[in-house]
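According to full-length UniProt numbering, the first sequence holds residues 1 to 465 in order. Structure, as structure tokens:
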Amino acid sequence: MEEYPSKQVAENLDDPPNSRLFVVTSRSVTEDELRESFLAFGDIQGVWVVKDKQTKESKGIAYVKFAKSSQACLAMEDMHGKVLVEGTKPVKVFIAQSRSSTRHRDVEDEELTRIFVMIPKTFSEEDLKETFKEYGDIEYCVIIKNKTTGESKGLGYVRYYKPSQAALAIENCDKTYRAILAEPRTKNTAPDEYSGGAPRGDYMGGGDPVNSYAFPMAEPGNYQVMDYRSGDFTRCLMISTRAALSQEQIFALFDLIPGMEYCELQRDAYGMSKGHALIRYSNLGSAVYAKEKLNGFEYPPGNRLVVNFVDDGEDRSSPVGRMAMQLVAAQMMSAVWNGPSTSQVMKPPGFSAVSTMSRIQTDVNLPPMKKLAPPDSKAKERLFVVFSPSPLPMEVLEDVFCRFGSLIEVHLVPGRKVGYMKYADKQCADDAMAVLHGRVVNGVKMKVMLADPPREESHKRPRIY
DNA sequence: CGACGGGACGC
DNA sequence: CGACGGGACGC
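Structure below.
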């Protein structure tokens, strides 16, 4: 980078590994502004704004090189989604791909949070955790063991929640552990014995580990705290996400706070996420509350959503309007920080099912998600469901109706407000009917009944679909 | 002789 | 949408 002798720079770009940031920002942001923004996170060895060769105009991307990976990671974690310069879009911040890499895919947190270590064969997983917890909260530890004898091979994995924690462990732990970043596990796409219907993330399962991600509020001070003296509150929010989220997912999430009146995912060239989403609430309080609750929320786990206020075009210039705005905001803030009293607005942080949180709003207490039955399973029972006023999306139905087990598939009748749920087990279907009949999901009321046998091709015994 | 360096699974 | 310049150390 510019102030360093060239060769040294070229050699240092990846030294140490993962010490360089890739920053996507507005074209107007300068090198100095970037340097100023990232100054606090460590020793900056160089800042370089990529410019068009001909026009010399910034392409809106930049690299920031730190002395240490942990510095770069902390900067990424803290700055991602922040507005660097007033009036510019929130920055996206990633660890840069190594210069030798040809891939231009974002480096995911997944690749930066697990370390691989050598340990005494006498170490238990508890020993491992005790040894490495000083660098950050550990999601889990695993020791590689001989499958038959169960004896340790003296190797282990430690998964942290944040890239900076893994980087700190690698930088600072005893050299005898030989800590390095673990190669991501090869996507073993385990011949998914259940492969019917839309893809579902593992994180949708109702398992407990997921809950530790739930809300940043459970861990005060871990994430950026909004500066509620700034006065820049609006009814509009800009969501930044680094993972592929659908508009439906974002809608469902932010619709949990009453008053959402607009939601638009700003899609990228591939039509899938990556960018920002715009949310507008009918009132300032809802927006403040949504920002406070969902900024930093990991959805899906590992992908921290970033929520900022954006200008909604309202006149906030008058002192009176500004004061009123700040008053409402302060009241909401107080309610947020003071916890339990707000629970009628939104369930408190620890509430059990993140999966429910993700896209389902309902008056019924749903069991955790279950796997689908194999698509070629024989149907033992079908349910007939009538929706009012309009049918629910397939994914939502699958999410809800799979929870009683053995769901084979969801079938919506095109152009009608009815659908069929095919189950491999009669009891599961009966359970679903008992729990879901007459209930409301995402504002849609459902009648859930046993389906009549298909009328066509009824020859001998009534075939079940 | 005698102990260095090695290193990849599964929430 | 958003991925890689300019310029010359020291043998």
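C-beta atoms are modelled at their ideal positions from N, C-alpha and C, and glycine is treated no differently.
Below 6 Å CB to CB, which residues in the same chain sit around residue i once its five sequence neighbours on both sides are set aside?
i, result
"residue 144", "153, 155"
"residue 345", "A caution first: residue 345 carries a pLDDT of 39, below 50, which makes its placement in the model unreliable, though a value can still be read off. For residue 345, where only same-chain residues beyond five positions count, there are no Cβ hits under 6 Å."
"residue 406", "373, 423, 424, 425, 428"
"residue 140", "159"
"residue 449", "384"
"residue 431", "404"
"residue 180", "116"
"residue 328", "284, 285"
"residue 281", "235, 259, 260, 287"
"residue 247", "265"
"residue 226", "With a pLDDT of 38 at residue 226, under the threshold of 50, the modelled position of this residue cannot be trusted; read the value that follows with caution. Taken in chain order, the list of residues that qualify is empty."
"residue 279", "237, 254, 263"
"residue 243", "303"
"residue 209", "With a pLDDT of 32 at residue 209, under the threshold of 50, the modelled position of this residue cannot be trusted; read the value that follows with caution. Taken in chain order, the list of residues that qualify is empty."
"residue 367", "403"
Just to check my reading of the structure: residue i and residue j have Cβ atoms closer than 8 Å, yes? What is that Cβ distance to the nearest angstrom?
i, j, result
"residue 96", "residue 35", "The Cβ separation is near 16 Å, so there is no contact."
"residue 259", "residue 240", "Their Cβ separation, rounded to whole angstroms, is 21 Å, which puts residue 259 and residue 240 out of contact at 8 Å."
"residue 94", "residue 22", "5 Å"
"residue 309", "residue 291", "7 Å"
"residue 91", "residue 47", "No, residue 91 and residue 47 are not in contact; Cβ-Cβ is about 13 Å, not under 8 Å."
"residue 306", "residue 81", "3 Å"
Buried or exposed: residue i, going by 16 or more other Cβ atoms within 10 Å of its Cβ?
i, result
"residue 266", "exposed"
"residue 202", "For residue 202, the pLDDT reaches just 35, beneath the cut-off of 50, and the residue's location in the model is therefore unreliable, although a value from the coordinates is still provided. Answer is exposed; the Cβ neighbour count stays below 16."
"residue 148", "exposed"
"residue 103", "exposed"
"residue 170", "buried"
"residue 288", "buried"
"residue 415", "exposed"
"residue 453", "exposed"
"residue 391", "buried"
"residue 150", "exposed"
"residue 124", "exposed"
"residue 70", "buried"
"residue 277", "buried"
"residue 54", "exposed"
"residue 29", "buried"
"residue 443", "exposed"
"residue 122", "exposed"
"residue 434", "exposed"
"residue 87", "exposed"
"residue 295", "buried"
"residue 413", "exposed"
"residue 388", "exposed"
"residue 114", "buried"
"residue 131", "buried"
So, for residue i: in the same chain, excluding its five sequence neighbours on each side, which residues have a beta-carbon less than 7 Å away from its beta-carbon?
i, result
"residue 89", "26"
"residue 451", "382, 383, 384, 420"
"residue 439", "362, 363, 364, 446"
"residue 57", "27, 51"
"residue 128", "119, 141, 143, 156, 158"
"residue 62", "23, 25, 34, 47, 48, 49, 50"
"residue 107", "94, 95, 97"
"residue 397", "410, 419"
By Cβ distance, which residues of its chain are closer than 8 Å to residue i, with the 5 residues on each side in sequence left out?
i, result
"residue 33", "84, 85"
"residue 68", "16, 19, 42, 43, 167, 171"
"residue 343", "In this predicted model, residue 343 has a pLDDT of only 35, less than 50, meaning its place in the structure is not dependable enough to derive any value."
"residue 14", "20, 98, 99, 100"
"residue 311", "234, 236"
"residue 417", "386, 387, 388, 389, 390, 391"
"residue 377", "406, 408, 424"
Practice problem: Evaluate contact between the stretch 118-128 and the stretch 171-188, counting only Cβ atoms and requiring at least three cross-stretch pairs below 8 Å. | Solution: Contact holds: three or more Cβ-Cβ distances are below 8 Å.
Practice problem: Please go through the stretch 346-420 and give each complete beta strand (DSSP E) segment of 3 or more residues, from N-terminal end onward. | Solution: At a cut-off of 3 residues, the continuous stretches assigned as beta strand (DSSP E) that sit fully inside the stretch 346-420 are 381-388, 407-412.
Exercise. Could you tell me whether the stretch 133-143 touches the stretch 152-166, using the rule of 3 or more Cβ pairs below 8 Å?
Key: The stretch 133-143, when compared against the stretch 152-166, does touch it at the 8 Å Cβ threshold.
Quiz item: At which residue ranges does the UniProt domain "RRM" (235-312) contain complete alpha helix (DSSP H) runs of 4 or more residues, listed in the order of the chain?
Solution: Listed in chain order, they are 247-254, 284-294.
Quiz item: Do the stretch 62-79 and the stretch 38-45 make contact, defined as three or more Cβ pairs closer than 8 Å?
Solution: The stretch 62-79 is in contact with the stretch 38-45.
Quiz item: Which parts of the stretch 9-86 are runs of the alpha helix (DSSP H), unbroken and 4 residues or longer, counting only runs that do not cross its ends?
Solution: For the stretch 9-86, whole alpha helix (DSSP H) runs of length 4 or above, ordered along the chain, are 31-38, 69-79.
Self-check item: In chain order, each alpha helix (DSSP H) run of at least 4 residues that lies wholly inside the UniProt domain "RRM" (113-187)
Solution: Residue ranges of uninterrupted alpha helix (DSSP H) with 4 or more members, entirely inside the UniProt domain "RRM" (113-187) and ordered along the chain, are 125-132, 163-172.
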